[in-house]
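Notes for the one structure printed next.
Numbering (this note's numbering), first residue to last: 371 to 535.
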């Protein structure tokens, strides 16, 4: 990765667990067990938040990540990370867990899982249900007719023989 700040997050969250950092639009997505729980934009870390975790961010006056769309500021469900997170690994693990739990509660399914489900659904539509053919029974061939040898009969007595007697 070409961003020292994003790379340093592996160490920051070492007590939280393994994280993956992926490049996205103008920053980086931070993932744990396939779920994006944080993002880095312009060397600022934002953590996933929701109604349940918002109070922790509000208490510290941590601003939400916003972007501009058609002249309006659009807030997202990511809030700026507290500065003490970078100095204390236990604090980083606590905030990482909060953000990860918010990501789990959000109900959004990771992209890989969505793709797999879509592919499975498309395959089901493409292939019509197959009818299971009844098992064919093979008729046994009749044994070939045996040639019966003609019974030998005693030669008929001819009239000559009878007359000669």
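Note that beta-carbon positions come from the ideal geometry of N, C-alpha and C, so glycine has one too.
Option in the options with minimal Cα separation from residue i
i, options, result
"residue 409", "442, 395, 420", "395"
"residue 455", "435, 385, 399, 390", "385"
"residue 383", "420, 475, 470", "470"
"residue 443", "465, 400, 433", "433"
"residue 414", "474, 472, 453, 405", "453"
"residue 449", "473, 374, 378", "473"
"residue 404", "438, 416, 387", "387"
"residue 459", "374, 372, 373, 379", "379"
"residue 476", "428, 423, 374", "423"
Residues that residue i bridges to, as DSSP identifies them
i, result
"residue 432", "DSSP lists no partner for residue 432."
"residue 390", "401"
"residue 445", "436"
"residue 408", "400, 417"
"residue 450", "416"
Residue range of the unbroken alpha helix (DSSP H) whose run includes residue i
i, result
"residue 466", "459-475"
"residue 381", "374-382"
Residue i versus residue j: straight-line alpha-carbon distance, rounded
i, j, result
"residue 430", "residue 485", "38 Å"
"residue 411", "residue 420", "19 Å"
"residue 447", "residue 392", "19 Å"
"residue 390", "residue 440", "32 Å"
"residue 465", "residue 397", "20 Å"
"residue 463", "residue 401", "14 Å"
"residue 457", "residue 438", "31 Å"
Enclosing beta strand (DSSP E) for residue i [first to last residue]
i, result
"residue 415", "414-418"
"residue 398", "397-402"
Distance CB(residue i)-CB(residue j) smaller than 8 Å
i, j, result
"residue 435", "residue 418", "no"
"residue 426", "residue 468", "yes"
"residue 451", "residue 416", "yes"
Residue-chain proximity (residue i, chain D), Cβ-Cβ < 8 Å
i, result
"residue 414", "You won't find chain D in this structure, because it holds only one protein chain."
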